[in-house]
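Visitor:
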Amino acid sequence: MRKYYAKKGSIPKPGEVWLPVGDKAHLMMIHLIDIERVKAFIPEELTITTVLPGKTLGLVFMTSMGPESTLPYHEFIIAPALVKAGRKKGFYVTHIYVDNEKSQVGGRLDFGLDKQMAEFDWNWEPGKNGHVTVNKEGKIIISIKYKKQVGKLPLRLAGGVYSVLEDKLIWCNNIFKARFGFTKVEYITLPESPIYKDIRNIGIKKPILSIMGQNMMGYMGDDTQVVAFLPDRCK
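Taking the numbering used here, the leading residue of the sequence shown gets 1, the next gets one more, and so forth.
Written as structure tokens, this is what we have:
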């Protein structure tokens with residue numbers, strides 16, 4: 001299928017593919033989440049996928065897209081459940097923060113993603129331990145501490161993402177290619193964080209697996225499709 005690429009520096013139009021080019025790390029943390037705990041955060045039109053008895057998979061992302069990307073920005077994402085509608089599987093995003101207003105507008109217009117503006121402080125140094133802090137209006141949303149990457153295996157990782165745009169259930173594919181290795185991650189959230197209660201209600205604790213990718217490239221918003229119409233959403 002032919003891809004239509006967004007013009008660099010512009011807000012991507014519906015159907016256009018975003019091109020991310022990493023200038024720091026691409027952190028992906030995998031969690032086992034209790035299905036009963038996460039149900040309240042997932043639209044009823046989506047079926048939560050079971051991977052172990054009573055459990056689904058959740059993902060937490062932290063990435064940085066540099067000046068060679070369609071838009072340069074940092075992004076922090078919580079996608080606490082693997083879901084499906086029909087035959088298509090993907091992760092449903094519940095929390096997403098960026099530091100580029102064009103990314104915020106594009107995410108909301110194209111996918112219905114409720115992107116929030118935030119500030120990111122990342123002391124990135126290749127081959128060393130580090131941390132990144134996400135702040136909003138003077139409050140720390142989350143701090144992520146990580147260990148230096150172990151291993152650098154070239155891999156291509158792809159995964160679908162679901163979102164709701166007005167009365168439409170949207171699915172798209174995201175593809176990341178990087179030199180991936182293992183890391184160890186620790187989250188720190190304080191009671192004043194706007195996501196403190198949600199993280200605890202969902203049950204996001206220590207990841208079962210954390211990986212770091214460097215020299216990341218890929219596609220976001222690839223093969224975007226309307227999977228279903230949800231007329232009751234607009235009533």
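By construction, the Cβ of each residue, glycine as well, lies at the ideal position given by its N, Cα and C atoms.
Would A81 pass as a contact of Y92 if the rule is Cβ separation under 7 Å?
Guide: Result yes, Cβ atoms of A81 and Y92 sit closer than 7 Å.
Visitor: Is E186 near the ligand MG, with its Cβ less than 6 Å from a heavy atom?
Guide: Because no ligand of any kind appears in the structure shown, any question about the ligand MG cannot be addressed here.
Visitor: Sort T189, G90, M216 by Cα distance to Q225 and report the nearest one.
Guide: Cα-wise, what sits closest to Q225 is G90.
Visitor: Closest by CA to F120, which one among D114, P126, N100?
Guide: When each option's Cα is compared against that of F120, the closest is N100.
Visitor: Rounded to whole angstroms, what is the Cα-Cα separation between N48 and K55?
Guide: The question names Asn, but residue 48 is Ile in the sequence shown. About 9 Å.
Visitor: Measuring CA to CA, which of V227, D223, M217, K205 is closest to D34?
Guide: Of the listed residues, the one whose Cα sits closest to D34 is K205.
Visitor: Relative to the alpha-carbon of S143, which residue among M220, W18, A118 has its alpha-carbon at the smallest distance?
Guide: Looking at the Cα atoms, A118 is the closest of the given residues.
Visitor: Return the Cβ separation of M29 and S193 in integer angstroms, given the expectation that the two are a contact with Cβ distance under 8 Å.
Guide: Between S193 and M29 the Cβ distance is about 17 Å, and since that is not below 8 Å, they are no contact.
Visitor: Between P207 and the rest of its own chain, which residues show a CB-CB distance below 8 Å, the 5 nearest in sequence each way excluded?
Guide: Excluding residues within five positions, the ones whose Cβ falls inside 8 Å are M29, I30, H31, V60, V185.
Visitor: Tell me whether L113 sits in a helix, a strand or coil according to DSSP, three-state version.
Guide: Of the three classes helix, strand and coil, the one that applies to L113 here is coil, per DSSP.
Visitor: Please list, in chain order, all residues of the same chain as L157 whose beta carbon is under 7 Å from its beta carbon, the five residues on each side excluded.
Guide: Excluding sequence neighbours, L157 sits near F176.
Visitor: Measure from the alpha carbon of W18 to the alpha carbon of each residue in K24, G9, A25, then state which is nearest.
Guide: The candidate whose alpha carbon is nearest that of W18 is G9.
Visitor: Provide the residue span of the beta strand (DSSP E) that contains E186, from first to last.
Guide: Taken as a continuous stretch (DSSP letters only), the beta strand (DSSP E) holding E186 covers 185-188.
Visitor: Closest to N215 by CA distance: which of G86, P14, L27, G130 is it?
Guide: Closest by alpha carbon: L27.
Visitor: Beta-carbon within less than 6 Å of L57's beta-carbon, same chain only, minus the 5 sequence neighbours each way: which residues are those?
Guide: If we look at L57 and ignore the five residues flanking it on each side, its Cβ neighbours are V51, L82.
Visitor: Apply the 10 Å Cβ neighbour rule to K115 and answer buried if 16 or more other Cβ atoms are within range, or exposed otherwise.
Guide: When all chains shown are included, K115 counts as buried.
Visitor: Going by DSSP, what residue range makes up the beta strand (DSSP E) through I144?
Guide: Unbroken beta strand (DSSP E) run through I144: 139-146.
Visitor: Which residues bound the beta strand (DSSP E) around I30?
Guide: Segment 22-34, the beta strand (DSSP E) holding I30.
Visitor: V150: buried (16+ other C-beta within 10 angstroms of its C-beta) or exposed?
Guide: With fewer than 16 Cβ atoms within 10 Å of its Cβ, V150 is classed as exposed.
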